[in-house]
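The next block holds one structure in the form of structure tokens; read it before the comments.
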């Protein structure tokens with residue numbers, strides 16, 4: 001099956017797994033999705049991720065993170081730029097998510113990074129998603 005928006009599929013799988021209180025979720029792998037998972041781990045939204053291969057297909061296994069009262073570390077994850085309507089921002093236009101409590105994930109000429117890192121390096125790019 002061919003997906004038109006693989007990043008939105010990844011975010012929907014994570015959102016659905018959190019709502020169902022799963023400990024892990026498998027996502028078809030790509031370089032961009034691995035970078036998104038890396039950022040989510042660095043920012044503390046997931047506990048870990050692992051790129052593996054199952055039945056000849058590359059898969060990212062994302063281990064979700066929950067608090068002491070079984071509340072998820074990710075409250076919501078939202079796709080911003082879509083294939084039908086790309087959203088590009090300059091370094092001065094990068095929005096803050098919930099006043100700095102959440103993160104943006106951007107693709108820039110220097111790779112995939114958070115909005116905070118892009119602002120610090122003076123880079124703009126495509127605003128992929130927001131996580132809080």
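Residue numbers (this note's numbering): 1 to 132. Backbone N, C-alpha and C fix where the C-beta goes; we use that ideal spot for every residue, glycine too.
Proximity below 8 Å, CB of residue i to CB of residue j
i: residue 128; j: residue 75; result: no
i: residue 7; j: residue 33; result: yes
i: residue 119; j: residue 91; result: yes
i: residue 35; j: residue 103; result: no
i: residue 38; j: residue 52; result: no
Candidates the options: closest to residue i by CA position
i: residue 111; options: 102, 2, 31; result: 31
i: residue 13; options: 119, 103, 63; result: 63
i: residue 125; options: 49, 10, 67, 95; result: 95
i: residue 122; options: 132, 106, 131, 130; result: 106
i: residue 71; options: 109, 132, 52, 50; result: 132
i: residue 67; options: 11, 9, 104, 45; result: 45
i: residue 73; options: 53, 40, 2; result: 40
i: residue 77; options: 108, 49, 101, 109; result: 101
Residue(s) in a DSSP beta bridge with residue i
i: residue 57; result: 54
i: residue 116; result: Paired residue(s): none; residue 116 is not in a bridge.
i: residue 108; result: 111
### Message
Would the segment 85-101 count as touching the segment 19-36 if we require 3 or more Cβ pairs under 8 Å?
### Response
no
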